[in-house]
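Undergrad: Below is a structure I'd like to ask you about.
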Amino acid sequence: MLNITFLIRVIKIHLHLRTTFKRNDKSRELTFSYCAHHIRKRQSHSSPASGPWNVLFFGTSNFSLESLRSLYNEYRAKKLCRLEVVSVCKEKKNVIVQYAEEKGIVVNEWPLENNPQDFHIGIVVAFGHLIPLNIINSFPLGMLNVHNSLLPRWRGAAPDIYTLMKGDTQTGITIMRIAEKFDTGNIVTQEKIDIHADETRPELNMKLAKLGANVLIDVIGKLPQVLSSSRPQGKLGVTYAPKVASKTSLVKWDEMTAKNVYDLQRALLGLYPLKTKFDGVTIKLLDVRQTSKPEDGRNVDIPGFARFDRKSNALVVTCKGSSWISTMKVIVKGHSVMSALQFRNGFIRGRKKDWILFQSNVT
């Protein structure tokens, strides 16, 4: 009788595990029997030969989200056996944690207390934290990183910003193996794209996020064979893209051409508006464009020379190399947004000369 009772309890537990659980008011069907079969099959093998894989995803940002979405779709299609997330869990949840909770994906808080268990591979996308070697080595297939530049160009936290700021005309996605140092691992694959002349950081980021997700899924489909063909990064052409701060947006008129200024705006759009200084007061320049020299008879080519152009109703500023930018709107510290005409009437008009000189190389 005791054995029958025990057997009934085991059957009830088994049926319970195969039913739909509720998590955060969202239903999630867990295919335990499917995954358990593959987990048991692989637990005795340090280097599995084929999928479906158990994947642990590391990410924190909007750029990461496209890759997580694609991985989740693979999981739903049973092309992945297991999918969990590692992210930074703060009071205000980032987009990765929000998405994971919405879909019923297990979230592990960073830093991890223990090495990951029973995962074949780790995937890192815009995570922002150095991963220790003991965690890297806990995955039989190692860890892969989706990086939004063509390494070794633009190693670091802000490759998208430096790509635009330096006027690059091409960029791309690199899938690389995670090494002990940031962005130095072997390259698994790369895919290149062109950058159009007016493309901004948010536009480029979205394009690269989608491309990165597609390339990642392609690589996962070719595991583990694709790892054997990875190659070291070249020593030539290494450049760095460290984090930027507000001071990066300060225009250096005597060092920057009009194109340099315009590229800086494209790179920092959505982060920091361009700024300059006049008489020690900070002025933010909005919607900066490259333009031609105003037809006002002035032959002054001093970098930082600013005047109001009546023909275009814009504030025009001379840059390095006899080039010019224009802006239709500015923000003077302590004031709200004003048009170029309002700025002229309030800050230029009434002076001995109908122009001012913006400062360079100030902090």
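Taking the working numbering, the leading residue of the sequence shown gets 720, the next gets one more, and so forth. Where a beta carbon is used, it is the ideal one built from N, C-alpha and C, also for glycine.
1) Candidates 929, 863 and 997: which alpha carbon is nearest residue 943's?
2) Please report the residue range of the alpha helix (DSSP H) in which residue 920 lies.
3) With a CB to CB cut of under 6 Å and the five nearest residues on each side skipped, what residues in its chain are close to residue 783?
4) Please return the same chain residues whose Cβ sits closer than 8 Å to the Cβ of residue 795, not counting the five positions on each side in sequence.
5) Near residue 925, which residues of its chain fall below 6 Å by C-beta distance, leaving aside the five closest residues on each side in sequence?
6) Helix, strand or coil for residue 884? Go by DSSP, reduced to three states.
7) Using only the heavy atoms of the ligand MN, determine whether one of them is closer than 8 Å to the beta carbon of residue 815.
8) Given this structure, state the Cα-to-Cα distance separating residue 808 from residue 829, to the nearest angstrom.
9) For residue 1031, I'd like the list of residues in its chain whose CB is within less than 7 Å of its CB, leaving aside the five on either flank, ordered along the chain.
10) When you compare only the Cα positions, how much space is there between residue 908 and residue 892?
11) Do residue 806 and residue 836 have their C-beta atoms closer together than 9 Å?
12) Between which two residues does the alpha helix (DSSP H) carrying residue 788 extend?
13) Enumerated in chain order, which unbroken segments of the beta strand (DSSP E) with a length of 3 residues or greater are wholly contained in the segment 1012–1041?
14) By DSSP, does residue 958 sit in helix, in strand, or in coil?
15) Taking the alpha carbon of residue 889 as the reference point, which residue from 901, 873 and 934 has its own alpha carbon closest?
16) Below 9 Å between beta carbons: does that hold for residue 1027 and residue 1067?
17) Between residue 940 and residue 798, is the Cβ-Cβ spacing less than 9 Å?
18) So, with DSSP's three-state summary, where would you put residue 903?
19) Smallest Cα separation from residue 772: which of 801, 1005 and 787?
20) Can you tell me whether residue 852 is buried or exposed, with buried defined as 16 or more other CB within 10 angstroms of its CB?
21) If you run the structure through DSSP and keep just helix, strand and coil, what is residue 971?
22) From residue 946 to residue 910, what distance separates their C-alpha atoms?
TA: Well, looking at it:
1) 863
2) 920–939
3) 815, 844 and 845
4) none
5) Same-chain partners within the cutoff: there are none.
6) helix
7) This structure simply doesn't include the ligand MN, nor any ligand for that matter.
8) Residue 808 and residue 829: Cα-Cα distance of roughly 7 Å.
9) 1045
10) 8 Å
11) no
12) Boundaries of the alpha helix (DSSP H) around residue 788: 781–795.
13) DSSP assignment within the segment 1012–1041 yields the following whole beta strand (DSSP E) runs of 3 residues or more, N-terminal first: 1024–1028 and 1033–1038.
14) coil
15) 873
16) yes
17) yes
18) coil
19) 801
20) exposed
21) DSSP places residue 971 in coil when its eight states are reduced to three.
22) 16 Å
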